[in-house]
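Colleague: Attaching a single structure in structure tokens format; questions to follow.
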Amino acid sequence: MSYLTYKNLQFPSSLIKDIETSSILKSYNKEEIVVGLDSYQNSTGIIVEGLLKVLVKHNNNNLLLYHIDININPIISFVDFKINSSFTFELIAIKKSSIKWYNITKSRNWYHNYDIYKNTIHKAYAFQYSSIFKALKHTQTNSLQDKLYDYLITKSKVLNATQFPITNLEIAQDLNTTNNSISRAFKVLSEKNKIVKYTDTIKIL
Amino acid sequence: MDLIIPHILKILDGDNQVNHYHFQPNDLIMTQKSDFFMDNLVIFINGIAEAFCEYEKANHFLFFIETAQVHFLNSINVATQTPLEFSLKAITSCDAIFIPKEKFLHTKDNFDTLYPYLAQDQYTTQRLITNSIIHTITKNLDELLYIYLKQKATVLKIQELHIQRNELSDSLNFSRESISRSLKRLEQQKRILRKPRSIIITGF
């Protein structure tokens with residue numbers, strides 16, 4: 015299974031074999047916190063199943079930064095290869111997910127010995143940076159309905175579905191706003207025929 | 012961390028591809044979206060600078076940095092050929108070295124030697140940006156303004172900042188009237204003292 019999964023990363027067989035023998039597979043249920051804020055960790059990993067979201071959190075405020083999924087961004091890059099670095103973000107499973115965790119020292123060796131691994135890490139960093147700045151820009155410039163629409167489009171892409179279940183509460187937490195504000199923004203988007211809101215699901219038009 | 016400077020200079024000793032630049036206060040050291048910063052690694056070797064991003068012709072303050080904190084700010088942009096997401100403006104005299112990407116990326120010894128510093132700086136920069144996001148989503152104008160003033164006073168190691176309202180307005184993307192009202196509230200809270208041409212941070 016893992017060999018097929020790594021196909022997206024186009025790693026050489028020697029590297030895949032090393033990852034297989036050096037990593038520990040852990041599974042997470044939907045909504046489970048994979049890595050908590052400010053927890054210390056000496057390992058990083060590759061997602062082999064499922065979908066994760068990365069949030070910045072402070073007291074009761076959250077902001078969704080980006081998703082980690084197999085096809086677009088499978089590496090958990092924000093550990094930064096730094097031994098005993100603390101996580102600045104919270105990582106949560108959106109669906110049942112599995113991650114192969116391996117020691118940062120191993121990651122550092124692969125980084126030096128495999129250009130493909132180094133390039134993958136660099137791309138993951140770049141994706142992470144770009145996503146963080148996009149989130150920051152949204153907080154600065156966009157109206158709530160624009161933020162909500164963009165959020166739903168992103169969700170639709172990572173879930174690969176135009177209709178999907180989601181609650182106002184989940185959205186409010188991801189966008190750092192209130193349920194009532196989300197309800198009003200939904201009304202505006204419905205009136206503009208951009209979405210249809212059903213009881214438990216949302217359809218992007 | 013400052014031990015890196017002689018280390019880098021030793022690596023690059025005698026290399027005619029390396030350019031040294033000196034910047035005066037308010038000079039732009041790095042500019043957002045410029046292709047130049049995808050092609051040249053910037054090593055910030057001396058001074059204090061302000062990082063900000065520009066959205067729809069308005070600036071958004073991110074953080075202040077000094078060379079004791081961070082030296083490498085665009086290694087990922089050079090490595091992945093992606094545009095820089097923020098700009099960097101000198102607030103004191105600053106010095107930087109620019110290294111062409113060929114020299115940085117294709118000289119494995121250099122890259123591997125610099126790697127621990129690149130990773131450390133990546134981590135520090137991410138922390139600074141994350142803090143900026145947290146401030147943006149959790150703080151009101153009074154708090155943002157106070158954080159800005161206190162951080163600036165801290166990196167400059169002075170209690171009295173000679174700063175204009177329009178400079179604060181440009182950095183924080185609020186109107187001058189809002190900044191003035193906020194400064195008044197901060198003074199009422201005894202967190203600052205307003206003077207005609209400066210602001211004193213109290214309890215600093």
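From first to last, the protein sequence lines stand for chains A and B.
Read in order, the letters of the first sequence are residues 15 to 219 in our numbering.
Read in order, the letters of the second sequence are residues 12 to 215 in our numbering.
Glycine included, C-beta positions come from ideal geometry on N, C-alpha and C.
Because the structure is a prediction, the values reported are computed rather than measured.
1) Does B:HIS173 come out as helix, strand or coil in the three-state DSSP assignment?
2) How big is the Cα-Cα spacing for A:GLN35 and B:GLN170?
3) Rank B:GLN80, B:ILE212, B:SER189 by C-alpha distance to the C-alpha of B:GLN200 and give the top, closest one.
4) For B:ASN51, which beta-bridge partners are listed by DSSP?
5) Please list, in chain order, the residues of the region 55 to 76 of chain B that have any C-beta partner in chain A closer than 9 Å.
6) Using DSSP with H/G/I as helix, E/B as strand and the rest coil, what is A:ASP83?
7) Beta carbon of A:VAL70, beta carbon of B:ILE76: below 8 Å?
8) Using C-beta distances below 7 Å, list every residue in its chain close to A:LYS67, excluding the 5 sequence neighbours before and after it, in chain order.
9) Using three-state DSSP, classify A:LEU18 as helix, strand or coil.
10) Going by other Cβ atoms of all chains shown within 10 Å of its Cβ, with 16 needed for buried, is A:PHE95 buried or exposed?
11) For A:SER204, which three-state DSSP category applies?
12) Helix or strand or just coil, what does DSSP make of A:ASN190?
13) Taking any Cβ of chain E, which residues in the region 79 to 109 of chain B have a Cβ under 7 Å from it, in chain order?
14) Under the DSSP definition of a beta bridge, which residues are partnered with B:GLU77?
15) Among B:HIS173, B:GLU154, B:SER186, which residue has its Cα nearest to the Cα of B:LYS206?
16) Could you work out which residues of chain B lie near A:THR153, taking near to mean beta carbons separated by less than 8 Å?
17) From A:ILE97 to A:TRP115, what distance separates their C-alpha atoms?
18) Quick one: Cα of A:SER144 to Cα of A:GLU45, how far?
19) I'd like to check one pair, A:LYS161 with A:LEU189: are the Cβ atoms closer than 8 Å?
20) Using beta carbons (cut-off 8 Å, strictly below), is B:ILE190 in contact with chain A?
21) Assign A:VAL210 to one of two classes, buried (16 or more other C-beta atoms within 10 Å of its C-beta) or exposed (fewer than that).
22) For the alpha helix (DSSP H) that B:VAL89 lies in, which residues bound it at each end?
23) Under 8 Å between C-beta atoms, does B:GLN133 make it to chain A?
24) Find the nearest neighbour of A:ILE118 within the set A:SER204, A:GLN24, A:ILE38, A:LYS217, judged by alpha-carbon distance.
25) Does the separation of the CB atoms of B:LEU197 and B:TYR157 fall below 8 Å?
26) Give the interface partners of A:VAL70 over in chain B, defined as CB-CB distance under 8 Å, in chain order.
27) Return no unless some Cβ of chain B is closer than 8 Å to the Cβ of A:SER157.
28) Using alpha carbons as the reference points, say which of B:ILE59, B:LEU179, B:ILE210, B:SER209 lies closest to B:HIS71.
29) Check for me: the alpha helix (DSSP H) holding A:TYR163 runs from which residue to which?
30) Any Cβ of chain B within less than 8 Å of the Cβ of A:ILE146?
31) By the three-class DSSP mapping on this structure, what secondary structure does A:ILE180 have?
32) Within 8 Å, do at least three Cβ pairs link the region 192 to 210 of chain A to the region 37 to 50 of chain B?
33) With the cut-off set at 8 Å, would you say B:ASP46 and B:PRO111 are in Cβ contact?
34) Would B:ILE97 pass as a contact of B:PHE63 if the rule is Cβ separation under 8 Å?
Modeller: Checking against the coordinates, here is how it stands:
1) It is coil, neither helix nor strand.
2) Note that residue 35 of chain A is Thr in the sequence shown, not Gln. Straight-line Cα distance between these residues: approximately 56 Å.
3) The option with the nearest alpha carbon to B:GLN200 is B:ILE212.
4) DSSP, once it has assigned bridges, lists B:PRO111 as partnering B:ASN51.
5) Hits within the stretch, in order: CYS64, TYR66, GLU67, ALA69, HIS71, LEU73.
6) Strand at A:ASP83.
7) With respect to the 8 Å criterion, A:VAL70 and B:ILE76 are not classified as neighbours on the basis of their beta carbons.
8) Within the same chain, A:LYS67 has close Cβ partners LEU78, HIS81, ILE106, ILE108.
9) At A:LEU18 the pLDDT is 41, less than 50, meaning the model places this residue with poor confidence and gives no usable figure here.
10) Below a pLDDT of 50, predicted positions are generally treated as unreliable, and A:PHE95, at 46, falls in that range; no measurement from the model is reported.
11) A:SER204 sits in a helix when the DSSP states are folded into three classes.
12) It is coil, neither helix nor strand.
13) In the displayed structure, chain E is absent; the protein chains listed are A and B.
14) Answer is B:ILE59, bridged to B:GLU77.
15) Closest by alpha carbon: B:HIS173.
16) Against chain B, the beta carbon of A:THR153 has neighbours under 8 Å at ILE144, THR147, ILE148, listed in chain order.
17) A caution first: A:ILE97 carries a pLDDT of 48, below 50, which makes its placement in the model unreliable, though a value can still be read off. Approximately 14 Å between the Cα atoms of the pair.
18) Those two C-alpha atoms are separated by around 25 Å.
19) Judged by their CB atoms, A:LEU189 and A:LYS161 are nearer to each other than the 8 Å cut-off.
20) So no, B:ILE190 is outside the interface.
21) When all chains shown are included, A:VAL210 counts as exposed.
22) Looking at the DSSP string, the run of the alpha helix (DSSP H) that includes B:VAL89 is 86 to 91.
23) Yes, contact with chain A.
24) Between A:ILE118 and the set A:SER204, A:GLN24, A:ILE38, A:LYS217, the nearest pair of CA atoms involves A:ILE38.
25) Contact: yes.
26) Near A:VAL70 (Cβ distances below 8 Å), the residues of chain B are THR141, ILE144, ILE145, ILE148.
27) Closer than 8 Å: no.
28) B:LEU179 is the residue among B:ILE59, B:LEU179, B:ILE210, B:SER209 whose C-alpha sits nearest the C-alpha of B:HIS71.
29) That run of the alpha helix (DSSP H) goes 158 to 173.
30) Yes, its Cβ sits closer than 8 Å to a Cβ of chain B.
31) The DSSP-derived three-state label of A:ILE180 is coil.
32) For the pair of segments examined, the region 37 to 50 of chain B was found not to touch the region 192 to 210 of chain A: the number of CB pairs separated by less than 8 Å stays below three.
33) Cβ distance not < 8 Å, so B:ASP46 and B:PRO111 don't count as in contact.
34) For clarity, residue 97 of chain B is Phe in the given sequence; the question names Ile instead. Yes.
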